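Engineer:
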């Protein structure tokens, strides 16, 4: 497990949300993979990222088996967590029409780390 800052712990362990348009990966478009900040499990591919203009990184697909959906404590939304370690990632929304897959994973940048694609990957 990675060592977390207090801000990362607030999001990952206490289910806080980083302020919109402040995350490191909101406008990040490099080729590579996004991994869980706590356990480094692969979560999202760069090719599934899109700009939803919502203030958080958005993806319309996840690495197979990487993300678990659970009912949010608010009773209305669906929370997404890392399937490997349970770290809070954000929420998933359906039916918004942003992409053909019609799904938006709205993810806190603080929950992820980006690994650039290399010639060997």
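Residue numbers (my numbering): 969 to 1089.
Backbone N, C-alpha and C define an ideal beta-carbon position, used for all residues, glycine too.
Note that the structure is a prediction, hence the values are computed from the model and not measured.
(1) On the criterion of 16 or more Cβ atoms from any shown chain inside 10 Å, does residue 1020 qualify as buried, or is it exposed?
(2) Sort 989, 1028 and 975 by Cα distance to residue 1065 and report the nearest one.
(3) For residue 1055, which residues does DSSP report across the bridge?
(4) Tell me whether the beta-carbon of residue 1067 lies closer than 7 Å to the beta-carbon of residue 1018.
(5) Exposed or buried, residue 1038, counting other C-beta atoms within 10 Å across all chains shown (16 or more means buried)?
(6) Under 6 Å from any heavy atom of the ligand NAP, does the C-beta of residue 972 make it?
(7) Assuming residue 1035 and residue 1051 form a contact by the criterion Cβ under 8 Å, report the distance between their Cβ atoms to the nearest whole angstrom.
(8) Whole angstroms is fine: what's the gap from residue 1084's alpha carbon to residue 1077's?
(9) Applying the 10 Å Cβ sphere with the 16-neighbour rule, what's the burial state of residue 974?
Structural biologist: Reading off the structure:
(1) buried
(2) 1028
(3) Paired residue(s): none; residue 1055 is not in a bridge.
(4) yes
(5) exposed
(6) Of ligands this structure carries none, so the ligand NAP is not represented either.
(7) 6 Å
(8) 15 Å
(9) exposed
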